[in-house]
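Data block below; observations after.
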Amino acid sequence: MRLQLQNISKSFGPVQALQSVSFTLAEGEVHAICGENGAGKSTLMNILSGNLQPDDGEIVIDNNAVQIKNYAHAANLGLAIVYQQLSLFENQDIAENIFVNQFPKFKSGLINYRALYDETEKLLQKLHIAHILSPKTMVSTLSAGQKQMVEIAKALSREPTILILDEPTASISGNDAQTLFKIIRNLRSKGTSVIYISHRMEEIFEIADRVTVLKDGKYVGTKDISNIDKHALINMMVGREIKKINREYVESGEVVLEVEGLCNQKLNNVSFKIHRGEIVALAGLVGAGRTEIGKTIFGAMPKESGRILLKNVELKVKKPADAIRNKIAFVPEDRKALGLFLDMNVAENIGSVGLSADRPVFFDHSQSIAVAETYKQKLRIVAHHVLQKVADLSGGNQQKVVLSKWLSTDPDLLIIDEPTHGIDIGAKFEIHGLLQNLALAGKSILLISSELPEILVISDRVLVVKDGAITKELKSSDTTEEEILKWAM
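According to full-length UniProt numbering, the residues represented by the sequence shown are 1 to 489, in order.
Next up, the structure:
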């Protein structure tokens, strides 16, 4: 075995993050690790990368027991990790990012740029992505998927024997994901072992050889992919039967949102309507302009021409505060950077939406606690109490806090961007059910999602976006993933 973890345990105060977890990784194997948020996956990977030390247990690499002291020591042992959150320097080129801690230098100590670019070109050729990326390209100009490839190239520059990928496709398109899978298969054929962490079931069954499930910090089991199906894997992860929602929608006839000829630097003559109680999805490749449509309606991006009407009244939305006053809410894709104050507690986050630079008010702590308690029960937010810091919650519960914040404004229109981004399968179905119930209660929802199965399950209509324009409108119940992709490409 390339790697063995034997009875690994780790606690943070009274919280038992890992309890006697064992795990094996063979040479040239792609091994998926699954589990709900809070299952212990991140803690286990942080122990492997040297960021955390286990309280108990043993790590064996190539038949040698080791104690991984830090990130540099992990690299020397042949371990490399690519985290979900990218760590690239936007103002540097690809080569400088890949070799940031190991620049080739002259004897004088100056960087040998010719060698730097030559080595980078060789690495990109080796990964079969030289036709996509150039060593001298600035990282700031790359797409999310291309940045992910640079992160992987950076990790592979040290030629690790074990590569850990944490949610590598969370922010990339289907085409970029297939390029990533080609890289992984090539690495596997050359003997590199890969630990693959993902909430996306389809990917696990496409790329993994075996899958290990963790739950509440405990080892549940390991299965060969050929001996398990999606339904059984979900049951292992959540420990209960997950029932899919059956979308119910009754056409009300009342138009809540109407967009006419919306244009700016990213959008080209965008027009559509959303009725009361309807969920309309924006589908398309990464960078197609889906998020920009939502941001422009919300006032986070300026519009150059066109009209936005809410219940037949034209809106002059120049900033988000204008949208909020007109009963429009926006849940952003990046909840940590744009949706939450991580160092503040649940109550403060939910209550923060009432604060505005245009209308300074005192923060009412007692009222915010009461409101937060209501939404904690309503959305089943798993937290010790509403005064717990949001940073300490799982991804799914952080998403529920963001939703609670905006639902507390009682919006007529909810714009939600990647609602299940980076959350586990159990929380995903809860969010789907929540959106369904909001629509049944008469709320109108503009859904932006990269997950086509999600779009087909919970939306009523699909607007396909390409190059900042809507290329096709489809009825969700009558279309397929293939047809959506055809129009998106």
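Idealized CB from N, CA, C, for every residue including glycine.
**Q.** residue 508 versus Gly-287: straight-line alpha-carbon distance, rounded
**A.** Residue coverage of the chain in this structure runs from 1 to 489, which leaves residue 508 outside it and unanswerable.
Q) Do Leu-156 and Leu-116 come within 8 Å of each other at the CB atom, strictly closer than that value? A) no
Q.
For Ile-455 and Glu-151, I'd like the C-alpha separation in whole angstroms.
A. In this structure, the CA atom of Ile-455 is about 29 Å from the CA atom of Glu-151.
Q) What is the DSSP secondary structure of Gln-146, reduced to helix, strand or coil? A) helix
**Q.** Cβ neighbours of Gln-19 in the same chain (closer than 6 Å, five flanking residues each side left out)
**A.** Ser-9, Gly-217 and Lys-218
Q. Are the segment 411 to 430 and the segment 445 to 462 touching, with three or more C-beta to C-beta distances below 8 Å?
A. yes
Q: Check Leu-88 in the structure and name its three-state DSSP category.
A: coil
Q: Go ahead and label Pro-302 buried or exposed: buried means 16 or more other beta carbons lie within 10 angstroms of its beta carbon, across all protein chains shown.
A: exposed
Q. Does the count of Cβ pairs from the segment 156 to 170 and the segment 385 to 403 closer than 8 Å reach three?
A. The segment 156 to 170 makes no contact with the segment 385 to 403, as fewer than three CB pairs between them are under 8 Å.
Q: Identify whether Leu-123 lies in helix, strand or coil by the three-state DSSP scheme.
A: helix
Q | Proximity winner among Val-317, Lys-295 and Arg-325, relative to Leu-338 (alpha-carbon distances) | A | Lys-295
Q) Using the beta-carbon count (16 or more within 10 Å), is His-199 buried or exposed? A) Per the 10 Å Cβ criterion, buried.
Q: In the DSSP assignment, find the unbroken alpha helix (DSSP H) run with Asn-268 in it and report its ends.
A: Counting along the chain, Asn-268 falls outside any alpha helix (DSSP H), and DSSP gives it neither H nor E.
Q: Check Tyr-196 in the structure and name its three-state DSSP category.
A: strand
**Q.** Whole-number beta carbon distance between Leu-403 and Val-331, since they are thought to touch under 8 Å
**A.** 6 Å
Q. Taking the alpha-carbon positions, what's the Ala-357 to Asp-322 distance?
A. Below a pLDDT of 50, predicted positions are generally treated as unreliable, and Ala-357, at 43, falls in that range; the measurement from the model is reported next regardless. Taking the straight line from one Cα to the other gives about 12 Å.
Q) For Leu-5 versus Val-21, is the C-beta distance shorter than 8 Å? A) yes
(Q) On the DSSP letters alone, give me the boundaries of the beta strand (DSSP E) that His-31 sits inside. (A) 30 to 34
Q.
Going by beta-carbon coordinates alone, are Val-457 and His-421 separated by less than 8 Å?
A. no
Q) Between Lys-319 and the rest of its own chain, which residues show a CB-CB distance below 7 Å, the 5 nearest in sequence each way excluded? A) Gly-299
Q. How should Asn-345 be labelled, buried or exposed, when 16 other C-beta atoms within 10 angstroms of its C-beta is the threshold for buried?
A. Residue burial is scored here from C-beta neighbours: Asn-345 has at least 16 other C-beta atoms within 10 angstroms and is therefore classed as buried.
**Q.** For Ser-49 and Ile-94, believed in contact at Cβ under 8 Å, the rounded distance
**A.** The Cβ separation is near 23 Å, so there is no contact.
**Q.** Separation of Val-139 from Ala-283, as counted between CA atoms
**A.** 26 Å
Q: For Leu-279, I'd like the list of residues in its chain whose CB is within less than 7 Å of its CB, leaving aside the five on either flank, ordered along the chain.
A: In the sequence as displayed, the identity of residue 279 is Ile instead of Leu. So the qualifying residues of the chain are Leu-435, Ala-439, Ile-445, Leu-447, Ile-458, Ser-459 and Asp-460.
Q | For His-128, three-class secondary structure by DSSP | A | coil
Q. Is it right to say Glu-430 is buried, meaning 16 or more other beta carbons lie within 10 angstroms of its own, or is it exposed?
A. buried
Q: Check the C-beta distance from Gly-40 over to Leu-214 and give it rounded, since I have them as a contact under 8 Å.
A: 5 Å
Q | DSSP-derived helix/strand/coil call for Ser-11 | A | Here Ser-11 sits in strand by DSSP.
Q. Since Gly-28 and Arg-188 are thought to touch, with beta carbons under 8 Å apart, how far apart are those beta carbons, to the nearest angstrom?
A. 5 Å
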